[in-house]
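Undergrad:
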Amino acid sequence: MDIERRDFLKIAAGSSLLLAAGESSALMRPPKSMPPEAVGMFYDSTICIGCKVCQKACKESNKLPAEHTVIGPEMSIPVWDNPIDLSGKTYNIIKCYKSGTAENKNQEENGFAFIQRHCMHCVDPACVSACPVSALRKNPTNGVVTYNKDACIGCRYCQVACPFNIPKMEWDNPFPQIRKCQFCDHRFKEGKFSACCEFCPTGASIFGPAKDLLEEARKRLTLKPGQYYDYPVATVNSKQKQRQKVAAYVNYIYGEKEAGGTQFIMLSGVPFDKLGMPSLSDKSDAALSEGLQHTLYKGMIAPAAVLAGLIFAAYRSTKNDK
Amino acid sequence: MSEAKPAGGKIVTGPFLFFVALAVIGVIFIIKRYIYGLGAVSNLSDGYPWGIWIAYDVVVGTAFACGGYSLALLVYIMNKGQYHPLVRPALLASAFGYTMAGASIMVDIGRYWQSYNLFLPWYSQVNSVMLEVALCIALYVLVLWIEFSPTFMEWLKAKGLLQTANKLMFIFIALGVLLPTMHQSSLGTLMVISGKKLYPLWQTQFIPLLALISAIGMGYAIVIFESVVSATSLKREIEMPLLSKLSGIIPWIIGIYLIVRFGDLIIRGQLGLAFHGDLKGNFFLLENILFIIPLVILASPAGRNSPRSLFYSAVSLLLAGSLFRFDAFLIGFNPGPGWHYFPSFSETMITVGIVSIEIAAYMVFVKRLPVLPDMGHA
Numbered sequence: 048m049d050i051e052r053r054d055f056l057k058i059a060a061g062s063s064l065l066l067a068a069g070e071s072s073a074l075m076r077p078p079k080s081m082p083p084e085a086v087g088m089f090y091d092s093t094i095c096i097g098c099k100v101c102q103k104a105c106k107e108s109n110k111l112p113a114e115h116t117v118i119g120p121e122m123s124i125p126v127w128d129n130p131i132d133l134s135g136k137t138y139n140i141i142k143c144y145k146s147g148t149a150e151n152k153n154q155e156e157n158g159f160a161f162i163q164r165h166c167m168h169c170v171d172p173a174c175v176s177a178c179p180v181s182a183l184r185k186n187p188t189n190g191v192v193t194y195n196k197d198a199c200i201g202c203r204y205c206q207v208a209c210p211f212n213i214p215k216m217e218w219d220n221p222f223p224q225i226r227k228c229q230f231c232d233h234r235f236k237e238g239k240f241s242a243c244c245e246f247c248p249t250g251a252s253i254f255g256p257a258k259d260l261l262e263e264a265r266k267r268l269t270l271k272p273g274q275y276y277d278y279p280v281a282t283v284n285s286k287q288k289q290r291q292k293v294a295a296y297v298n299y300i301y302g303e304k305e306a307g308g309t310q311f312i313m314l315s316g317v318p319f320d321k322l323g324m325p326s327l328s329d330k331s332d333a334a335l336s337e338g339l340q341h342t343l344y345k346g347m348i349a350p351a352a353v354l355a356g357l358i359f360a361a362y363r364s365t366k367n368d369k
Numbered sequence: 130m131s132e133a134k135p136a137g138g139k140i141v142t143g144p145f146l147f148f149v150a151l152a153v154i155g156v157i158f159i160i161k162r163y164i165y166g167l168g169a170v171s172n173l174s175d176g177y178p179w180g181i182w183i184a185y186d187v188v189v190g191t192a193f194a195c196g197g198y199s200l201a202l203l204v205y206i207m208n209k210g211q212y213h214p215l216v217r218p219a220l221l222a223s224a225f226g227y228t229m230a231g232a233s234i235m236v237d238i239g240r241y242w243q244s245y246n247l248f249l250p251w252y253s254q255v256n257s258v259m260l261e262v263a264l265c266i267a268l269y270v271l272v273l274w275i276e277f278s279p280t281f282m283e284w285l286k287a288k289g290l291l292q293t294a295n296k297l298m299f300i301f302i303a304l305g306v307l308l309p310t311m312h313q314s315s316l317g318t319l320m321v322i323s324g325k326k327l328y329p330l331w332q333t334q335f336i337p338l339l340a341l342i343s344a345i346g347m348g349y350a351i352v353i354f355e356s357v358v359s360a361t362s363l364k365r366e367i368e369m370p371l372l373s374k375l376s377g378i379i380p381w382i383i384g385i386y387l388i389v390r391f392g393d394l395i396i397r398g399q400l401g402l403a404f405h406g407d408l409k410g411n412f413f414l415l416e417n418i419l420f421i422i423p424l425v426i427l428a429s430p431a432g433r434n435s436p437r438s439l440f441y442s443a444v445s446l447l448l449a450g451s452l453f454r455f456d457a458f459l460i461g462f463n464p465g466p467g468w469h470y471f472p473s474f475s476e477t478m479i480t481v482g483i484v485s486i487e488i489a490a491y492m493v494f495v496k497r498l499p500v501l502p503d504m505g506h507a
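Going down the list, the protein sequences come from chains A and B. The opening position of the first sequence corresponds to residue 48 in the numbering used here, with each subsequent residue numbered one higher. The opening position of the second sequence corresponds to residue 130 in the numbering used here, with each subsequent residue numbered one higher.
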């Protein structure tokens with residue numbers, strides 16, 4: 048009987064050695080790739096005028112209530128159209144970066160810039176990996192990350208997992224849901240696309256196939272500041288264009304690599320950390336989390352083997368008892 | 130198996146009423162939570178979606194409830210039968226601890242009425258660490274009560290049932306070792322996916338191993354703690370020879386833990402963060418000093434043979450493991466600028482209330498059921 052016990056210890060030691068093998072990359076599962084017909088969104092901060100029409104369109108399209116906040120120097124002016132951040136009532140928001148005298152747009156020092164925030168629709172989403180009940184899912188064809196309230200148990204692990212802090216909880220609702228941008232996927236079947244892009248007057252937010260958007264972003268990075276460019280409006284392949292003077296871009300496409308890549312990409316004239324975007328590695332944290340779990344629990348073989356050893360050991364001990 | 134006896138004595142005592150009062154306050158706030166939502170009673174936010182209900186009630190609470198697991202490992206797997214008298218009180222505390230953690234989860238999760246979705250195969254999502262933790266804990270609560278059930282059977286004098294139960298018990302004992310091994314490590318793995326939001330002193334792929342080793346250590350510490358506390362409060366003799374022998378295992382466990390802990394930090398080159406003098410660094414130092422104290426005390430026979438030093442070592446180790454968990458779930462967690470978390474009064478009282486229910490019920494059980502070892506002159 049000693050043999051079983053030794054076997055059990057070997058298995059136990061073996062599984063800890065597996066963990067001890069070090070090298071994070073060894074345990075990571077391979078990264079995921081962009082779905083074949085991935086749709087996306089591209090936000091160009093340099094041509095955003097901060098009109099917030101996208102916020103209004105988002106609220107209307109998703110039937111979200113207004114949020115009551117206060118503004119002004121002494122926080123004394125009550126308003127209904129100025130949510131301060133994303134929340135259970137707000138899926139999309141335009142925020143402003145200001146520095147010093149805030150004289151010029153798209154300028155880091157003494158300038159200002161806008162940033163649009165909503166779900167990034169990650170290629171390898173941590174929220175989907177975290178969700179125990181498949182309430183958050185990534186559409187295998189177009190890549191949209193959707194939420195199903197009938198599955199959700201409200202554990203909020205998605206909120207812990209999301210590197211962009213996107214999923215929001217309805218804290219004041221006794222029967223709450225997780226809320227976040229779903230690219231207006233309910234409009235897709237009507238042949239429409241994301242409301243924020245449809246109503247953006249300048250083409251700052253545009254919708255389209257993810258690969259076309261990336262191509263467009265790369266093209267804009269080759270433009271010279273001061274030259275004129277015909278910016279497409281609403282969708283990347285739109286006939287409707289807006290001729291505008293090109294601002295100086297930061298030579299970086301945010302979202303191309305972040306957290307394994309996202310289907311929402313951005314360009315800006317001001318560094319992205321100034322706009323509040325987190326600096327992330329180019330791998331999703333889901334890769335290590337899933338790698339760790341599946342190394343230990345693959346096919347439940349290791350737990351089954353350990354259980355067998357434990358049953359033998361326990362049987363032996365309790366038998367001696369009697 | 131009949132070496133245990135009810136401790137006897139009055140049920141309604143001063144301390145009992147004290148815990149019942151705290152429980153009532155907690156329950157009132159729980160009712161408020163179900164009527165007005167989580168925001169009405171807690172300081173939880175979209176930045177800090179998990180607060181003390183998860184960090185304390187579930188993560189620390191189940192580690193405190195590892196006495197049954199740690200002893201089963203020793204008594205049934207390593208076949209050290211001499212510790213058998215300690216098993217039953219430890220199992221009872223574990224059963225209560227895990228049941229209360231389960232109850233806390235039902236307070237914490239937003240859409241509790243759909244929690245059974247976890248058990249529906251078409252919803253379960255096998256990449257989720259949370260799924261593994263949830264299923265394991267749910268199953269383990271069941272296993273713990275089955276392991277404890279012979280106590281009820283003895284009390285009811287159901288001899289036939291007791292015999293069958295004892296014959297089949299080895300299966301549940303084995304499950305009762307496997308399941309905590311799985312979920313106590315996975316409770317650590319939970320935080321891996323939070324990536325850069327968790328400070329590098331705690332964000333490591335070794336966090337499952339650290340969580341598991343510290344949970345086993347806390348299991349032995351809670352056995353010592355509970356033995357000393359119930360002996361003192363019920364005016365019984367402390368089971369010293371057994372406890373001091375048991376405490377000899379603890380320095381080994383802490384030693385292995387600290388080797389993994391510091392080895393990992395040195396290999397990743399992050400140990401320097403501990404000495405920045407900031408809140409996170411200082412909490413890391415405090416956490417590890419609390420681990421080192423019982424290591425030093427219990428390494429010497431003198432430390433193991435004094436009830437006082439045994440008790441303080443156990444308390445220190447329990448605090449150490451708790452702080453490690455608080456650090457990894459709350460203090461080391463930073464979702465970005467603008468977010469803050471400190472538990473509200475009502476949120477804290479819900480936790481206090483749930484713990485009070487557990488303590489009050491434990492007091493009733495040990496007095497009426499054959500749980501504690503028969504000391505001959507109890």
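Glycine residues also receive a C-beta, built at the ideal position from the N, C-alpha and C atoms.
Counting pairs of Cβ atoms below 8 Å between the segment 261-274 of chain A and the segment 221-230 of chain A, do you hit three or more?
TA: Contact between the segment 261-274 of chain A and the segment 221-230 of chain A is absent, because fewer than three Cβ pairs lie under 8 Å.
Undergrad: Are the CB atoms of L402/B and L452/B within a distance shorter than 8 Å?
TA: Judged by beta-carbon spacing, L402/B lies beyond the 8 Å limit of L452/B, meaning their Cβ atoms are not closer than that value.
Undergrad: Restricting to Cα atoms, I'd like to know which of I302/B, K326/B, L339/B and L291/B is closest to I382/B.
TA: It is L339/B whose Cα lies nearest to the Cα of I382/B.
Undergrad: Who pairs with Y144/A in a beta bridge, going by DSSP?
TA: Note: Y144/A sits in a beta bridge opposite A160/A.
Undergrad: Quick one: using the 10 Å Cβ neighbour count with 16 as the cut-off for buried, is N212/A buried or exposed?
TA: buried
Undergrad: Are the beta-carbon atoms of Q163/A and S252/A separated by less than 8 Å?
TA: For Q163/A and S252/A, yes; Cβs fall inside 8 Å.
Undergrad: At least one CB of chain A closer than 8 Å to the CB of Q254/B: is that the case?
TA: Among the CB atoms of chain A, one or more fall inside 8 Å of the CB of Q254/B.
Undergrad: Are there 16 or more other CB atoms within 10 angstroms of the CB of F494/B, so buried, or fewer, so exposed?
TA: buried
Undergrad: Can you check whether the C-beta of L335/A is within less than 8 Å of a C-beta belonging to chain B?
TA: yes
Undergrad: Three-state secondary structure (DSSP) at I460/B?
TA: helix
Undergrad: Between the Cα of D332/A and those of G201/A, A295/A, V280/A and S176/A, spot the shortest distance and give me the residue it belongs to.
TA: S176/A
Undergrad: Compare the Cα-Cα distances from L173/B to each of A267/B, S257/B, F145/B and E476/B and report the closest residue.
TA: E476/B
Undergrad: What residues from chain A crowd round D503/B, counting only those whose CB sits closer than 7 Å?
TA: Those within 7 Å of D503/B in chain A number zero; the least Cβ separation is about 17 Å.
Undergrad: Taking Q334/B as the query, report the chain A residues whose CB atoms sit under 7 Å from its CB, ordered along the chain.
TA: Going along chain A in sequence order, the residues near Q334/B (Cβ under 7 Å) are S71, L74, L335 and L339.
Undergrad: So is L111/A in contact with chain B if we call contact Cβ pairs under 8 Å?
TA: no
Undergrad: So, for G273/A: in the same chain, excluding its five sequence neighbours on each side, which residues have a beta-carbon less than 7 Å away from its beta-carbon?
TA: K292 and V293
Undergrad: Could you tell me which of L339/A, Y296/A, P78/A and A355/A sits nearest to M320/B, measuring between CA atoms?
TA: L339/A
Undergrad: Suppose only complete runs of 4+ residues qualify. What are the alpha helix (DSSP H) ranges in the segment 405-443 of chain B, listed by chain order?
TA: Entirely contained in the segment 405-443 of chain B, the alpha helix (DSSP H) runs reaching 4 residues are, in chain order, 408-428 and 430-434.
Undergrad: Any chance the segment 137-157 of chain B sits against the segment 419-430 of chain B, with 3 or more Cβ pairs inside 8 Å?
TA: no
Undergrad: Distance check for F462/B and F230/A, CA to CA, integer angstroms please.
TA: 29 Å
Undergrad: Kindly indicate if chain A contains any beta-carbon less than 8 Å away from that of A214/B.
TA: Looking at the sequence shown, residue 214/B is not Ala but Pro. Chain A contact via Cβ: absent.
Undergrad: Can you tell me whether H469/B is buried or exposed? The criterion is at least 16 other CB atoms within 10 Å of its CB, across all chains shown.
TA: Exposed.
Undergrad: What is the rounded straight-line gap between the Cα of I164/B and the Cα of V170/B?
TA: Approximately 10 Å between the Cα atoms of the pair.
Undergrad: Count the other CB atoms, across all protein chains shown, that sit within 10 Å of the CB of D393/B; report buried if there are 16 or more and exposed otherwise.
TA: buried
Undergrad: Of the residues that make up the segment 255-269 of chain B, which ones have a beta carbon closer than 8 Å to any beta carbon in chain A?
TA: N256, S257, V258, M259, L260, E261 and A263
Undergrad: Roughly how many angstroms lie between the CA atoms of Q254/B and N246/B, to the nearest whole one?
TA: Whole-angstrom Cα-Cα distance: 11 Å.
Undergrad: Using a Cβ cut-off of 7 Å, which residues of the segment 205-239 of chain A contact any Cβ in chain B, in chain order?
TA: Q206, V207, A208, P210, N212, K215, M216, W218, D219, N220, P221 and P223
Undergrad: So which residues on chain B does T365/A lean against when the C-beta distance must stay under 9 Å?
TA: Against chain B, the beta carbon of T365/A has neighbours under 9 Å at Y205, N295, K296, M298, F299 and I302, listed in chain order.
Undergrad: Alpha carbons only, please: which of V187/B, F404/B, S278/B and S429/B is nearest the one belonging to V216/B?
TA: S278/B
Undergrad: Inspect the beta-carbon positions of A152/B and V352/B and report whether they are closer than 8 Å.
TA: Not closer than 8 Å, so no.
Undergrad: Would you verify that the beta carbon of T361/B is, or is not, closer than 8 Å to some beta carbon of chain A?
TA: Chain A contact via Cβ: absent.
Undergrad: On the CB-based measure, 16 or more other CB atoms within 10 Å of its CB, does A351/A come out buried or exposed?
TA: Burial check for A351/A: the Cβ neighbour count within 10 Å stays below 16, so the residue is exposed.
Undergrad: Classify T293/B as buried or exposed, calling it buried when 16 or more other Cβ atoms lie within 10 Å of its own Cβ.
TA: When all chains shown are included, T293/B counts as exposed.
Undergrad: Just how far apart, CA to CA, sit S356/B and S362/B?
TA: 10 Å
Undergrad: Which one of P135/B, G176/B and I140/B has the shortest CA to CA distance from F471/B?
TA: G176/B
Undergrad: What does the alpha-carbon distance come out to for the pair L400/B and R390/B?
TA: 10 Å
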